[in-house]
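**Student:** If you read the sequences in order, they're chains F and U. Going left to right, the first sequence walks through residues 1 to 423 as full-length UniProt numbering numbers them. Going left to right, the second sequence walks through residues 1 to 423 as full-length UniProt numbering numbers them.
2 protein chains.
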Amino acid sequence: MSLIVQKFGGSSVSDAESIKRVAKRIVDTKRAGHDVVVAVSAMGDTTDELTDLAHEISPMPDPREFDMLLTTGERISMALLAMAIKSMGFDARSYTGSQAGMITDSRHGDARIVDVTPVRVREALDQGAIAIVAGFQGFNRDSRDITTLGRGGSDTTAVALAAALKADVCEIYTDVDGVFTADPRMVKKAHKLNHVSSEEMLELAAAGAKVLHIRAVEYARRQNVTLHVRSSFSNDEGTIVYNPDRAKEFEMEDPTIAGVAHDLSEAKITVTGVPDVPGKAAKIFTLVAGQGANIDMIVQNVSAVSTGATDISFTLPKADAAKCMQTLEAHKDEIGFEALRHDDQIGKVSLVGSGMRTNAGVSAQLFEALAEAGINIDLISTSEIRISIVVRADIVPEATRVIHTAFGLDSDSDAVVYAGTGR
Amino acid sequence: MSLIVQKFGGSSVSDAESIKRVAKRIVDTKRAGHDVVVAVSAMGDTTDELTDLAHEISPMPDPREFDMLLTTGERISMALLAMAIKSMGFDARSYTGSQAGMITDSRHGDARIVDVTPVRVREALDQGAIAIVAGFQGFNRDSRDITTLGRGGSDTTAVALAAALKADVCEIYTDVDGVFTADPRMVKKAHKLNHVSSEEMLELAAAGAKVLHIRAVEYARRQNVTLHVRSSFSNDEGTIVYNPDRAKEFEMEDPTIAGVAHDLSEAKITVTGVPDVPGKAAKIFTLVAGQGANIDMIVQNVSAVSTGATDISFTLPKADAAKCMQTLEAHKDEIGFEALRHDDQIGKVSLVGSGMRTNAGVSAQLFEALAEAGINIDLISTSEIRISIVVRADIVPEATRVIHTAFGLDSDSDAVVYAGTGR
């Protein structure tokens, strides 16, 4: 018998019928002889509807009250889910973030977990009950106020519970079969990974893979929680995200490449004719950081001897581009650059694989394949186990497929793609 | 400066616009220099919608989870209300039942308040903030579970807060101008009472007056809280419900009659030919009580010497009639009655007034007026300050008007009736 934490997202509990289906799934796990703790998100669009309601009241809702409002969403779904399980003859108890001991700092809307004391959850398990915990929420011990965890909150709740309860596995239920070698919606021949190292999963998530939120993956890696990403629509095994201590178990076949991720959410800003003297780059990125923009790739050309000037390009979330352009423009003379260029029609394609460490030929193979396909690369950046390239947005699908094929990731059959985009 | 508790029902906070209107009203009170604590119900039909959702999941939802579900309704409205007040530049903080220290027993769905420790509410007031408390909910200290107070719950929350905080007055906002001498929807010439004793208010509520829930009136009388029933649609003074200690203040004019209430929610059961021997009535009402039926009036005819048998009639909520009939029928031989008669086309009209104590002529005057109008009385029961009669349901409006006129309660002008039935 093992202790299993299961997380179900909003698309898995969008109405009474789907809540009953999820309840049956939980009961099946319990029947199989396991202890079960569930973290659940708000039903379907509840969070959006509550947000709209708040904005009808005020364009800038008070953060404390906004958290109080949003957390009702998970309370509704967890109560309904517990009712459904009870009606199947199994004991179940729902717990709010505070009842489950999800202690956070006081940053309303984006709180960080500082401690998890699931005393009542443990009691429920000891009494043979299934514990249902509201995802996405916690409470601050000092103010005794309710908080929300922000993006990826429900996944993080599940991982935090799994860590605190020393669960054997944390199952993240989603609307795809697991982690794929590429987005099946873009690459028909993408195939599901049976397992992927948490290190690779981190890079894939950072590179744009949507299936898991990077925050939850980091938490799981730090707390040494094994994740199992699987579909709430089938009973097939999904993808195991394992940590270093279990590497031997999974890396027999020593995979060179885990997959190809793409990201269309970024824009590129290029600062041309920057005097190639110390401190200029620092000045630029200090200004950008001051705007709270999250810089991803940075590339600086070698400076032209003739002019002694250089070009600096960087990518950042599209939403942050405008204010950064304004700030830089405002300091043009100070920095002494020639011009600013902004391009939001770009996309990033990343090849991720721990095998890169020991395999020097990967980048050469990548560029060769792209060259053969006549794909022009704009920017390149690499990490120990990742190569990312920036290309024109409309080229992203082709580039992704080309790389996927070049590294032998194509499966013989086409991947099944579900209707829902989910999560 | 005084401390005022204000209660707003669901019809007063049915959408963003009405929430803003209520917020303005609260802010006006604060501006006038008062400390303000607000008890708020769930928005409009939220509670009904959540109930429907629960029944889609299970015909008999688990009580603990059902309370968890329903209490989200008030959390939504209180958070939105606090946001609205904050957006007007005043400090406001919302508190759940447990945060506000509403400690109850563990009877989910119909919990009783056992203690009120509004520490955080007091803190908020001391810091100059307006405290918004979720009505209808509390929590059980032993199980640490969330509970709901059942019918009249939000009014009771307001009264309990007023008592615990020693508020100067508890304002109950509703969709009528106050307590009327009769239901203005039935009696055009009904007029608003400027004040009524809590004793009379208890009798009026018990006799069917809908404006206040009897449970809240009892709590207010026991805890010596002054109530002010007023309209959330106007700024006019409403009706003060005062306790004995303030009688001198209000009873200069010594009113004989407070008003006429009617009740169409009851049915009548008549057991005919009951052997007139000790213990038969006891047997009957033990059986009825066993069904959890709430008996109102009981009338036993003098037994006919010839037969030595008697008839016993009693009234009870329509909903309880069927099961009581079954139970009595099942024990027919044991009790030895002749027949059971059931009539749900009855109505009760009650005349209430503390002046009755000192004025013997009231009942005579009542029966005379009804006789003149050719109204046939079915049952009669009286208390020290109330006379209730049961008539055919279709006669109730006329009987009410006749009595209202006979005791000089008619006003010169017609009462304003609002669209909403509210609360």
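The C-beta atom is built at its ideal place from N, Cα and C for all residues, glycine as well.
Of all the residues that make up the stretch 60-71 of chain F, which are near chain U by a beta-carbon distance shorter than 9 Å?
**Tutor:** Residues passing the 9 Å Cβ filter: Met60, Pro61, Asp62, Arg64, Glu65, Phe66, Asp67, Met68, Leu69, Leu70, Thr71.
**Student:** Taking Arg120/U as the reference, which of Ala111/U, Ser231/U, Val133/U, Lys323/U has the closest Cα?
**Tutor:** Comparing Cα-Cα distances from Arg120/U to each of Ala111/U, Ser231/U, Val133/U, Lys323/U, the minimum goes to Val133/U.
**Student:** Under DSSP, the alpha helix (DSSP H) around residue 434/F begins and ends at which residues?
**Tutor:** Residue 434/F lies beyond the residue range present for chain F, which begins at 1 and ends at 423; the question has no answer from this structure.
**Student:** So, under 8 Å CB-CB, Met43/U and Gly10/U are touching, yes? Tell me the CB distance rounded to an integer number of Å.
**Tutor:** About 6 Å; that satisfies the 8 Å criterion.
**Student:** For Gly208/U, count neighbouring Cβ atoms within 10 angstroms of its own Cβ and tell me buried if that reaches 16, exposed if not.
**Tutor:** Answer is buried; the Cβ neighbour count reaches 16.
**Student:** Please report the straight-line C-alpha distance between Val179/U and Ala293/U, rounded to a whole angstrom.
**Tutor:** Going from the Cα of Val179/U to the Cα of Ala293/U covers about 28 Å.
**Student:** Grab me the residues of Gly422/U's own chain with a C-beta within less than 7 Å of its C-beta, minus the 5 sequence neighbours each way, in chain order.
**Tutor:** Note on Gly422/U: pLDDT 35, under 50, position unreliable in the model; the coordinate value appears next. Same-chain partners within the cutoff: Gly9, Ser11, Thr174, Asp175.
**Student:** Along chain F, which residues have their Cβ under 8 Å away from the Cβ of Leu125/U?
**Tutor:** Residues of chain F passing the Cβ test: none, with the nearest at roughly 17 Å.
**Student:** Could you give the distance in angstroms between the alpha-carbon of Glu74/U and the alpha-carbon of Glu218/F?
**Tutor:** Computed Cα separation, rounded: 36 Å.
**Student:** Could you give the DSSP three-state label for Gln300/U: helix, strand or coil?
**Tutor:** Reduced to three states, the DSSP call for Gln300/U is strand.
**Student:** Is there contact between the stretch 145-165 of chain F and the stretch 47-54 of chain F, where contact requires at least three CB pairs shorter than 8 Å?
**Tutor:** With a cut-off of 8 Å, the stretch 47-54 of chain F and the stretch 145-165 of chain F do not count as touching, because too few Cβ pairs lie within range.
**Student:** Taking Cys170/U as the reference, which of Asp177/U, Val159/U, Ala164/U has the closest Cα?
**Tutor:** The residue with the shortest Cα to Cα distance from Cys170/U is Val159/U.
**Student:** Going by the CB atoms, is the gap between Val352/F and Val391/F shorter than 8 Å?
**Tutor:** No, they are not a contact pair.
**Student:** What residues in the stretch 7-38 of chain F bring their beta carbon closer than 9 Å to a beta carbon of chain U?
**Tutor:** Residues Asp15, Ala16, Glu17, Ile19, Lys20, Ala23.
**Student:** Go ahead and label Asp177/F buried or exposed: buried means 16 or more other beta carbons lie within 10 angstroms of its beta carbon, across all protein chains shown.
**Tutor:** By the 10 Å Cβ count, Asp177/F comes out buried.
**Student:** With DSSP run on the structure shown, which of helix, strand or coil describes Leu149/F?
**Tutor:** Three-state DSSP puts Leu149/F in coil, outside helix and strand.
**Student:** Quick one, which of Ile130/U, Thr72/U, Asp105/U, Thr104/U has its alpha-carbon nearest Arg25/U's?
**Tutor:** Ranking Ile130/U, Thr72/U, Asp105/U, Thr104/U by Cα distance to Arg25/U puts Ile130/U first.
**Student:** Taking 8 Å as the cut-off, does the stretch 399-408 of chain F touch the stretch 252-271 of chain F (at least 3 CB pairs, one atom from each stretch)?
**Tutor:** Verdict: yes, contact present.
**Student:** Just to confirm before moving on: does the CB-CB distance between Lys280/F and Ile335/F stay below 8 Å?
**Tutor:** In contact: Lys280/F and Ile335/F (Cβ atoms closer than 8 Å).
**Student:** Which bits of chain U does Leu80/F rub up against, with CB to CB less than 8 Å?
**Tutor:** Ordered by position in chain U, the residues that pass the 8 Å Cβ test against Leu80/F are Leu53, Ala54, Ile57, Glu65, Leu69.
**Student:** For Arg75/F, would you say it is in contact with chain U, using Cβ-to-Cβ distances shorter than 8 Å as the test?
**Tutor:** Arg75/F counts as touching chain U.
**Student:** Among Met1/F, Glu56/F, Lys248/F, Phe136/F, which one has its Cα closest to the Cα of Gly128/F?
**Tutor:** Checked all of Met1/F, Glu56/F, Lys248/F, Phe136/F; the closest Cα to Gly128/F is Met1/F.
**Student:** Of all Cβ atoms in chain F, is any one closer than 8 Å to the Cβ of Gly420/U?
**Tutor:** Because Gly420/U sits at a pLDDT of 40, beneath the cut-off of 50, its placement in the model cannot be relied upon, and the point is left open.
**Student:** Could you tell me if Ser232/U is buried or exposed, where buried requires 16 or more neighbouring beta carbons within 10 angstroms of its beta carbon?
**Tutor:** Buried, by the Cβ-count rule.
**Student:** Which residues bound the alpha helix (DSSP H) around Thr51/F?
**Tutor:** 46-57 is the extent of the alpha helix (DSSP H) around Thr51/F.
**Student:** Based on Cα-Cα distance, which residue from Thr226/F, Asp311/F, Glu329/F, Ala364/F lies nearest to Ala163/F?
**Tutor:** Selected option, being the one with the closest Cα: Thr226/F.
**Student:** Interface residues of chain U around Ser94/F at Cβ under 7 Å?
**Tutor:** Ordered by position in chain U, the residues that pass the 7 Å Cβ test against Ser94/F are Glu65, Met68.
**Student:** Can the beta-carbon of Asp62/F be found less than 8 Å from the beta-carbon of Ala82/U?
**Tutor:** Contact flag set, yes.
**Student:** Give the single residue among Pro278/F, Ala319/F, Asp35/F whose Cα lies nearest to the Cα of Asp343/F.
**Tutor:** Nearest C-alpha to Asp343/F: Ala319/F.
**Student:** Cβ closer than 7 Å: which chain U residues qualify as neighbours of Lys283/F?
**Tutor:** Near Lys283/F there are no residues of chain U at all, since even the closest Cβ is about 39 Å away, more than 7 Å.
**Student:** For Asp131/F, decide whether its Cβ has a neighbour in chain U, counting only Cβ atoms nearer than 8 Å.
**Tutor:** One point to set straight first is that residue 131/F is Ala, not Asp, in the sequence displayed. It does not: the Cβ of Ala131/F has no partner Cβ on chain U nearer than 8 Å.
**Student:** Whose C-alpha, out of Asp263/U, Glu329/U, Lys189/U, is nearest the C-alpha of Lys210/U?
**Tutor:** Nearest of Asp263/U, Glu329/U, Lys189/U to Lys210/U, Cα basis: Asp263/U.
**Student:** Since Ile312/U is in the beta strand (DSSP E), which residue starts that stretch and which ends it?
**Tutor:** Note, Ile312/U: beta strand (DSSP E), 309-317.
**Student:** Taking the alpha helix (DSSP H) that Leu212/U belongs to, which residues open and close that run?
**Tutor:** Element bounds for Leu212/U: n/a, residue is neither H nor E.
**Student:** Based on DSSP bridge pairs, tell me the residues matched to Asp343/F.
**Tutor:** Answer by DSSP bridge pairing, in chain order: Lys268/F.
**Student:** Does the beta-carbon distance from Thr239/F to Asn194/F come in below 8 Å?
**Tutor:** Yes, these two residues count as a Cβ contact at 8 Å.
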